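In full-length UniProt numbering, the protein residues as written are 1 to 262.
Ideal Cβ placement from N, Cα and C applies to all residues, glycine included.
Predicted, not measured: the structure shown is a model, and the values here were computed from it.
Before any comments, here is the structure.
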């Protein structure tokens, strides 16, 4: 049975972001503050992911993308990286069936060829199992970097040109958009980063062009429903102009509401 829906007091559902992306920052610091090994923070972080996924599903958010492991994270201590790989596999084994039962579709983005065969197979199986689900689209970025994403898109376009499927004169921003990750989903509306840092850290650098940014000092294991709702409320109260003036945006809103210009 699917969990019951959620609503946010004071925010109309049509003002919710369609696509939320999150950098899960602060697991290690959370553990260190408690004089515990960093791996304890990563375990706590997995539990927070589970809760946020459930809340986004209940809010009827269309897509949630989480930055689970960046291409730069390989530089961390070997023991920590090894633990993260084991934790990732354990989490998939534990959670995928539940996600499937709740109609959640899983997709992995990033250079997954860098992972061991067992983990790659589990990722493929997870995507295959949930491929026809129509609820929340959960995108998990692993061994992902924005530079890598644009580079692989350029390679795809180059192959299309070599095969005479595309002319270089026909390349536009839309061409690139079709070839970067997440091209099948709405562009991100709301970016959330925990942990107090205020940068995007090579995450979805093409896709975030018009995304609203929300930063919180909460470390990821402490991120909760109240903070998620606060981020969505902040988003709902912002005026997204996309190059227009405020007056133009207000006019467009009135037209959408009434069907006629006021």
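Endpoints, the alpha helix (DSSP H) within which residue i is located
| i | result |
| --- | --- |
| residue 43 | 38-58 |
| residue 129 | 117-130 |
| residue 147 | 146-162 |
| residue 83 | 78-101 |
| residue 226 | 225-237 |
Nearest-angstrom Cα separation, counted from residue j out to residue i
| i | j | result |
| --- | --- | --- |
| residue 57 | residue 5 | 8 Å |
| residue 133 | residue 183 | 18 Å |
| residue 186 | residue 109 | 15 Å |
| residue 264 | residue 12 | Outside the modelled stretch of the chain, which goes from 1 to 262, sits residue 264, for which no answer is possible. |
| residue 79 | residue 86 | 11 Å |
| residue 15 | residue 226 | 17 Å |
| residue 154 | residue 22 | 25 Å |
| residue 92 | residue 39 | 17 Å |
| residue 34 | residue 218 | 15 Å |
| residue 176 | residue 206 | 9 Å |
| residue 66 | residue 160 | 30 Å |
| residue 53 | residue 10 | 22 Å |
| residue 36 | residue 168 | 54 Å |
| residue 116 | residue 239 | 45 Å |
| residue 121 | residue 94 | 15 Å |
| residue 50 | residue 223 | 12 Å |
Residues sharing a beta bridge with residue i, DSSP
| i | result |
| --- | --- |
| residue 212 | 190 |
| residue 139 | 65, 107 |
| residue 23 | 67, 193 |
Segment limits, beta strand (DSSP E) that includes residue i
| i | result |
| --- | --- |
| residue 107 | 105-109 |
| residue 176 | Taken as a continuous stretch (DSSP letters only), residue 176 belongs to no beta strand (DSSP E), being part of the alpha helix (DSSP H) at 173-179. |
Rounded distance between the beta-carbons of residue j and residue i, thought under 8 Å
| i | j | result |
| --- | --- | --- |
| residue 141 | residue 68 | 6 Å |
| residue 143 | residue 111 | 5 Å |
| residue 214 | residue 192 | 5 Å |
| residue 100 | residue 63 | The pair is not a contact, with the Cβ atoms about 17 Å apart (cut-off 8 Å). |
| residue 48 | residue 221 | 5 Å |
| residue 119 | residue 83 | In fact, because the Cβ distance is near 13 Å, the residues do not count as touching under 8 Å. |
| residue 264 | residue 233 | As displayed, the chain neither begins before 1 nor continues past 262, which places residue 264 out of reach and without an answer. |
| residue 59 | residue 96 | With 8 Å as the limit, residue 59 and residue 96 do not qualify as a contact, their Cβ atoms being about 21 Å apart. |
Pair within 7 Å by beta-carbon distance, residue i and residue j
| i | j | result |
| --- | --- | --- |
| residue 25 | residue 197 | yes |
| residue 31 | residue 45 | no |
| residue 17 | residue 235 | yes |
| residue 200 | residue 179 | no |
| residue 194 | residue 172 | no |
| residue 228 | residue 55 | yes |
| residue 135 | residue 106 | no |
| residue 148 | residue 70 | no |
| residue 280 | residue 166 | Residue coverage of the chain in this structure runs from 1 to 262, which leaves residue 280 outside it and unanswerable. |
7 Å Cβ cutoff, residue i in contact with chain C
| i | result |
| --- | --- |
| residue 71 | The structure shown has no chain C; it contains just one protein chain. |
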